[in-house]
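Chemist:
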Amino acid sequence: MTDPLDRHCVVELHAFPGRVPQLRRIVAARLRHWRLDLHVAPVGKGIDELLTNVHRHVGDGNRCVVELRWTGRHLTASVEDNGPRMPRLLTAGGGLARVAALSDSWGTCATAEGKVVWFTRSVRSPQDIPRVPWRPLTGLGTARCEPVPVPAPAVFAPPVSRVPVLV
31 MTDPLDRHCV VELHAFPGRV PQLRRIVAAR LRHWRLDLHV APVGKGIDEL LTNVHRHVGD
91 GNRCVVELRW TGRHLTASVE DNGPRMPRLL TAGGGLARVA ALSDSWGTCA TAEGKVVWFT
151 RSVRSPQDIP RVPWRPLTGL GTARCEPVPV PAPAVFAPPV SRVPVLV
């Protein structure tokens, strides 16, 4: 699903090892559609690490949600699962150390049903993609927020020639 105001993609799946390559292909196709070809490999590797951690630490077949959001400046990738254990960065390396190396920032957040692990990359927009207003994420406080008005497209009339006509 792509949101017209910004670039957003959500995929819900069950954490099986065979699903990771399939999801990497989905992510790669979405990033290429957004013309972010240079970020396909690092974002794919980051999501691969996060899904492998879900499989390894939460277990087979658990439901997880992968989300991509591109605001025109930052690309955020997140994986939500229903495991109660919060991940931690190991000094000896590991999945989160690789995610940290591939991204500008990363973090975790507990949810009512488990957790979300996310990472961001700074991404510049290609010049030929039109800029659109950013819409806030849904969640806490959205009931108090007003929707962002989208300006009507400007209509330009061709210049009128003011040459006197002799009769």
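Residues 31 to 197 (our numbering) are what the sequence shown spells out, left to right. Beta carbons are placed, not taken as given, at the ideal position from N, Cα and C, and that holds for glycine. Given the structure is predicted, the values throughout are model-derived calculations rather than measurements.
With burial defined as no fewer than 16 other Cβ atoms inside 10 Å of the residue's Cβ, what is the status of Gly105: buried or exposed?
Modeler: To locate residue 105, count along the sequence shown from 1; it is residue 75. Note that residue 105 corresponds to Leu in the displayed sequence, not to Gly. Classification of Leu105: buried, given that the 10 Å Cβ count is 16 or more.
Chemist: Compare the C-alpha of His38 against each of Gly48, His63, Leu120 and Phe46 and name the closest.
Modeler: For this step, residue 38 is matched to residue 8 along the sequence shown. The shortest Cα separation from His38 among Gly48, His63, Leu120 and Phe46 belongs to His63.
Chemist: Cβ atoms of Asn112 and His44: under 8 Å apart, would you say?
Modeler: Looking up residue 44 in the sequence shown gives position 14. Looking up residue 112 in the sequence shown gives position 82. Their beta carbons are not under 8 Å apart, which means His44 does not touch Asn112 by this criterion.
Chemist: Indicate the three-state DSSP secondary structure (helix, strand or coil) for His44 in the structure shown.
Modeler: Reading the sequence shown from its first residue, position 14 is the one you call residue 44. Strand at His44.
Chemist: Using a Cβ-Cβ cutoff of less than 7 Å, which residues in the same chain neighbour Val127 once the five nearest sequence positions on both sides are dropped?
Modeler: In the sequence shown, residue 127 corresponds to position 97, counting from 1. Rather than Val, the amino acid found at residue 127 in this sequence is Ala. Leu119 and Leu120, listed in sequence order.
Chemist: Helix or strand or just coil, what does DSSP make of Gly74?
Modeler: In the sequence shown, residue 74 corresponds to position 44, counting from 1. Gly74: helix per DSSP, three-state reduction.
Chemist: Can you check which of these residues, Ser108, Asp78 and Ala107, is closest to Gly124 by C-alpha distance?
Modeler: Mapped onto the sequence shown, residue 124 falls at position 94. When each option's Cα is compared against that of Gly124, the closest is Asp78.
Chemist: Counting along the chain, where does the beta strand (DSSP E) carrying Val109 start and finish?
Modeler: To locate residue 109, count along the sequence shown from 1; it is residue 79. Its beta strand (DSSP E) spans residues His104 to Asp111.
Chemist: Between the Cα of Arg86 and the Cα atoms of Leu66, Arg115, Ala59 and Asp134, which residue gives the shortest distance?
Modeler: In the sequence shown, residue 86 corresponds to position 56, counting from 1. For the residues Leu66, Arg115, Ala59 and Asp134, the minimum Cα distance to Arg86 belongs to Arg115.
Chemist: Hey, how far is the Cα of Ser133 from the Cα of Val73?
Modeler: Stepping through the sequence shown from its first residue, residue 133 is reached at position 103. Stepping through the sequence shown from its first residue, residue 73 is reached at position 43. Those two C-alpha atoms are separated by around 8 Å.
Chemist: Using alpha carbons as the reference points, say which of Glu110, His69, Cys139 and Ser152 lies closest to Thr82.
Modeler: Taking the sequence shown and counting its residues from 1, one reaches residue 82 at position 52. For the residues Glu110, His69, Cys139 and Ser152, the minimum Cα distance to Thr82 belongs to Glu110.
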